[in-house]
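The next block holds one structure in the form of structure tokens; read it before the comments.
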Amino acid sequence: MSLIRTRSTHSLVAICFALFASPLMASSLEVKGEKLELKVEVPRLKVSEYHRPYVAIWVQDQKGNAVVNLAVWYQVKGPSDDFGAKWLPDLRQWWRRSGRELELPIDGVTGPTRPAGVHTLDFGTEQLKKLSAGKYTLAVEAAREVGGREILEIPFVWPGEKAMVYQVEGKKELGKIVLTIKP
Amino acid sequence: MRRWILSTLTLVLAFPLTASAHKMWLLPSQTVLSGPEPLITVDAAISNDLFYFNHFPLPLQNLSITAPDGSSVGAENQATGRYRGVFDVSLKQKGTYRITVPMSGVFASWEANGERQRWRGKKEDFASKVPTDAKDLQVSESVGRVETFVSNGKPTSPSFKSEGVGIELVPITHPNDLYAGEEAQLQFLVDGKPMPGLKVEVVRGGTRYRDSQQEIHATTDSDGKFSVRWPEPGMYWIETSTSDDKVTFKQAKQRSLGYTVTLEVLPQ
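Chains as they are written, first to last, in the numbering used here: chain X, 349 to 531; chain R, 171 to 438.
Here you go:
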């Protein structure tokens, strides 16, 4: 019985494809399997006073509106609740485009700052469901106490028709950022 | 412009007329804030150079702070030194605070014993300070504001509620959402109505470290609006003034109106 049901679902999908064979329709159906993998390098810096950077990672549309927040790393623990939130506006563009609108913390998005090294982040359907087919920019912004601030952007097309790898490299506050889109 | 600044200056400080047009300003330590109960400190001064306290403090007796919900809140740690006034503001609410130093009063001059007499002060003191039979009496009143805006979290607009008297700023682009290279649009009201034809001067701080003021000039359009494209990040001082005969004090013939605001422009 269940086997038959599965088959009929498949055939329904097939009919849909046949009826609306536009790329847009096809992609919105395919979104189910789409994945986005991100490698973010927090560089090791030779400085006398080092603090882990605040980092925000989000996806914005072509008008610069934040569509999805993927990660925000900031000082979560402190002498009082939300103590570290004081410095979030240092992530200037993120604060402007999204941060100031939010009630923090956000489950699955905000977390503590991370040490130097390469951090691999995987985002699946749950985080990316707000992305309809189109052109976007992935933004990674970092700000460090007594250090600098840097923002890197990667324009990408969503969803990708085949696996795509995009890469940028920061100058100071961020290392290599690798975005992989897996259909 | 000069007249307003001079009359207000002499009004509030009662010091002799000087030839230079001193600038009145508030300088907040920060304008974009977050976290649990952020606190700012504000300098208040009158000087030629922006933003250096090297001349006179801005009197803070009438300091008024409007919280995001429209209520009035107090300052903390208020003090006045030789060159500057200073106070703290605790931003307990989320949203935009308006910080205003209103500058209003009356100026009178008359002839007595062959000499010109001058008096500046509050309307209510006029009767006791100016002789009823003053010869060749000239009276003017002034309405001015020295302002700045700061936001805790998302910028909001209720604290911009017009009081309907004098020059007021209405944001179209929010004053805590300004970035270098972008254009901002602002609107001026006089007595609560959009005011066309106001001449606006915009000067970036740090004047000590450059050879010229590099001021930007603008004029309000038929809707009282004007636009500025911020060339660089920094603290900017914006001033406008006008005069009319819409007096509220019956002995006055002329009314001087002035407005200055300090706005922060952030880098991209």
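The beta carbon of each residue, even a glycine, is placed where N, CA and C say it ideally should be.
Subject >> Of the listed residues X:445, X:466, X:454 and X:455, nearest to residue 522 of chain X (C-alpha basis) >> reply: For the purposes of this step, residue 522 of chain X is taken as residue 174 along the first sequence, with counting starting at 1. Of X:445, X:466, X:454 and X:455, the residue nearest in Cα terms is X:466.
Original post:
Between the segment 499-527 of chain X and chain R, which residues of the former have a C-beta closer than 8 Å to a C-beta of the latter?
Top reply: none
Subject >> Length of the line joining the Cα atoms of residue 226 of chain R and residue 322 of chain R >> reply: By 1-based counting over the second sequence, the position of residue 226 of chain R is 56. By 1-based counting over the second sequence, the position of residue 322 of chain R is 152. Their Cα atoms are separated by approximately 30 Å.
Original post:
For residue 492 of chain X, which residues from the same chain have a beta carbon less than 7 Å from its beta carbon, with the 5 sequence-adjacent residues on both sides left out?
Top reply: By 1-based counting over the first sequence, the position of residue 492 of chain X is 144. Hits under 7 Å: 399, 401 and 521.
**OP:** Tell me whether the beta-carbon of residue 371 of chain R lies closer than 8 Å to the beta-carbon of residue 387 of chain R.
**Re:** To locate residue 371 of chain R, count along the second sequence from 1; it is residue 201. To locate residue 387 of chain R, count along the second sequence from 1; it is residue 217. Cβ atoms of residue 371 of chain R and residue 387 of chain R: closer than 8 Å.
Original post:
For residue 490 of chain X, which residues of its own chain have a beta-carbon under 6 Å away from its beta-carbon, when the five flanking residues on both sides are left out?
Top reply: Numbered from its first residue, the first sequence carries residue 490 of chain X at position 142. 401, 403, 498, 521 and 522, listed in sequence order.
**OP:** May I ask you to report which of helix, strand or coil DSSP gives residue 383 of chain R?
**Re:** The residue labelled residue 383 of chain R in the question sits at position 213 within the second sequence. Correct three-state label for residue 383 of chain R: coil.
Subject >> Segment limits, beta strand (DSSP E) that includes residue 236 of chain R >> reply: For the purposes of this step, residue 236 of chain R is taken as residue 66 along the second sequence, with counting starting at 1. Element bounds for residue 236 of chain R: 234-236.
Subject >> Below-8 Å beta-carbon distance, residue 425 of chain X vs any chain R residue >> reply: Taking the first residue of the first sequence as position 1, residue 425 of chain X is located at position 77. No, residue 425 of chain X does not count as interfacial toward chain R.
Original post:
Can you give the Cα-Cα distance for residue 421 of chain R and residue 240 of chain R, rounded to whole angstroms?
Top reply: Here the question's residue 421 of chain R lines up with position 251 in the second sequence. Here the question's residue 240 of chain R lines up with position 70 in the second sequence. Their Cα atoms are separated by approximately 34 Å.
Original post:
By Cβ distance below 7 Å, which residues in the same chain neighbour residue 289 of chain R in space, the five residues on each side in sequence not counted?
Top reply: Mapped onto the second sequence, residue 289 of chain R falls at position 119. For residue 289 of chain R, where only same-chain residues beyond five positions count, the Cβ hits under 7 Å are 278, 299 and 300.
Original post:
Can a CB atom of chain R be found closer than 8 Å to the CB of residue 409 of chain X?
Top reply: Counting from 1 along the first sequence, the entry for residue 409 of chain X is found at position 61. Cβ-Cβ to chain R under 8 Å: no for residue 409 of chain X.
Original post:
Cβ of residue 423 of chain X within 8 Å of Cβ of residue 432 of chain X?
Top reply: Numbered from its first residue, the first sequence carries residue 423 of chain X at position 75. Numbered from its first residue, the first sequence carries residue 432 of chain X at position 84. Against a cut-off of 8 Å, the Cβ pair of residue 432 of chain X and residue 423 of chain X comes out as a contact.
**OP:** Please check if any C-beta of chain X sits within less than 8 Å of the C-beta of residue 186 of chain R.
**Re:** Counted from its first residue, the second sequence places residue 186 of chain R at position 16. Low local confidence applies: a pLDDT of 31 at residue 186 of chain R is under 50, so the model's placement there is unreliable, with the coordinate-based value given in what follows. Cβ-Cβ to chain X under 8 Å: no for residue 186 of chain R.
**OP:** Can you grab the Cα-Cα spacing for the pair residue 486 of chain X / residue 408 of chain X, in whole Å?
**Re:** Translated into positions along the first sequence, residue 486 of chain X becomes position 138. Translated into positions along the first sequence, residue 408 of chain X becomes position 60. If you take the alpha carbons of residue 486 of chain X and residue 408 of chain X, they lie about 6 Å apart.
**OP:** May I ask which residues mark the beginning and end of the beta strand (DSSP E) holding residue 431 of chain X?
**Re:** In the first sequence, residue 431 of chain X corresponds to position 83, counting from 1. Note, residue 431 of chain X: premise wrong, no beta strand (DSSP E); not H, not E.
**OP:** Note down, in chain order, each residue of its chain lying with its Cβ closer than 8 Å to the Cβ of residue 504 of chain X, except the 5 sequence neighbours on either side.
**Re:** Indexing the first sequence from 1 puts residue 504 of chain X at position 156. Same-chain partners within the cutoff: 483, 484, 485, 486, 512, 514, 527 and 529.
Original post:
Name the chain R residues that come within less than 8 Å of residue 428 of chain X, Cβ to Cβ?
Top reply: Residue 428 of chain X sits at position 80 when you count from the first residue of the first sequence. Within chain R, the residues near residue 428 of chain X are 206.
Original post:
chain X beta carbons: is any one of them nearer than 8 Å to that of residue 436 of chain R?
Top reply: The residue labelled residue 436 of chain R in the question sits at position 266 within the second sequence. So, interface residue.
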